[in-house]
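Numbering (our numbering), first residue to last: 8 to 152.
Here's the structure, in structure tokens; my notes come after.
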């Protein structure tokens with residue numbers, strides 16, 4: 008995990024007991040920082056939802072699910088939902104589910120680990136002799152639908 012991302016992660020951990028809701032929002036910001044600085048670093052402004060979508064073609068589906076879970080839970084802890092038409096705002100006074108929020112910490116850790124492993128695997132694969140890479144590609148195409 009890059010240092011600036013780790014700093015925000017630690018802030019989220021430090022406020023967890025005082026305010027799990029704040030912690031969830033900070034984990035969401037941690038993900039946004041990770042994506043903006045290290046994965047979608049194209050110099051343009053994107054929402055977190057857009058950045059996750061931009062990564063969907065290359066990232067493993069498990070990583071995508073974790074990103075969406077972090078985004079959704081972080082959003083739901085700070086934005087009220089319209090639950091019923093007769094109410095203007097949803098209920099943001101309910102107690103946040105601490106167990107669910109603890110999983111957000113696990114998800115961001117796994118995202119960082121899988122991205123790191125994926126980058127290492129890509130480097131290792133590229134270091135294979137070209138003919139071996141071509142044979143692997145040929146084999147894989149045979150089984151793709």
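Cβ atoms here follow ideal geometry from the backbone N, Cα and C, with glycine treated the same way.
Exercise. Which value, in whole angstroms, describes the spacing of the CA atoms of residue 27 and residue 110?
Worked result: Working through the chain shown from its first residue, we reach residue 27 at position 20. Working through the chain shown from its first residue, we reach residue 110 at position 103. Cα to Cα, residue 27 sits roughly 12 Å from residue 110.
Problem set entry | Nearest-angstrom Cα separation, counted from residue 129 out to residue 73 | For the purposes of this step, residue 73 is taken as residue 66 along the chain shown, with counting starting at 1. For the purposes of this step, residue 129 is taken as residue 122 along the chain shown, with counting starting at 1. Near 21 Å, if we compare the C-alpha coordinates of residue 129 and residue 73.
For this session: Starting from residue 19, trace the alpha helix (DSSP H) both ways and give me its first and last residue.
Result: The residue labelled residue 19 in the question sits at position 12 within the chain shown. Element bounds for residue 19: 10-22.
Problem set entry | Distance, residue 33 Cα to residue 40 Cα | Indexing the chain shown from 1 puts residue 40 at position 33. Indexing the chain shown from 1 puts residue 33 at position 26. The straight-line gap from Cα to Cα measures roughly 10 Å.
Exercise. From residue 47 to residue 65, what does the alpha carbon distance come to, in whole angstroms?
Worked result: Stepping through the chain shown from its first residue, residue 47 is reached at position 40. Stepping through the chain shown from its first residue, residue 65 is reached at position 58. Taking the straight line from one Cα to the other gives about 12 Å.
For this session: Take residue 70 as the anchor and find which of 53, 86, 42 has the nearest alpha-carbon.
Result: The residue labelled residue 70 in the question sits at position 63 within the chain shown. When each option's Cα is compared against that of residue 70, the closest is 42.
Problem set entry | Cutoff 8 Å; reference residue 78; Cβ partners in own chain excluding five residues on either side | On the chain shown, position 71 is the one that residue 78 refers to. Cβ within range, chain order: 35, 38, 55, 56, 59.
Problem set entry | Beta-carbon proximity list for residue 9, same chain, < 8 Å, skipping 5 on both sides | One-based indexing of the chain shown puts residue 9 at position 2. Excluding sequence neighbours, residue 9 sits near 41, 44, 45.
For this session: Assign residue 50 to one of two classes, buried (16 or more other C-beta atoms within 10 Å of its C-beta) or exposed (fewer than that).
Result: Here the question's residue 50 lines up with position 43 in the chain shown. Exposed, by the Cβ-count rule.
Problem set entry | Which of helix, strand or coil DSSP assigns to residue 105 | If you number the chain shown from 1, residue 105 lands on position 98. Residue 105 falls in the helix class under three-state DSSP.
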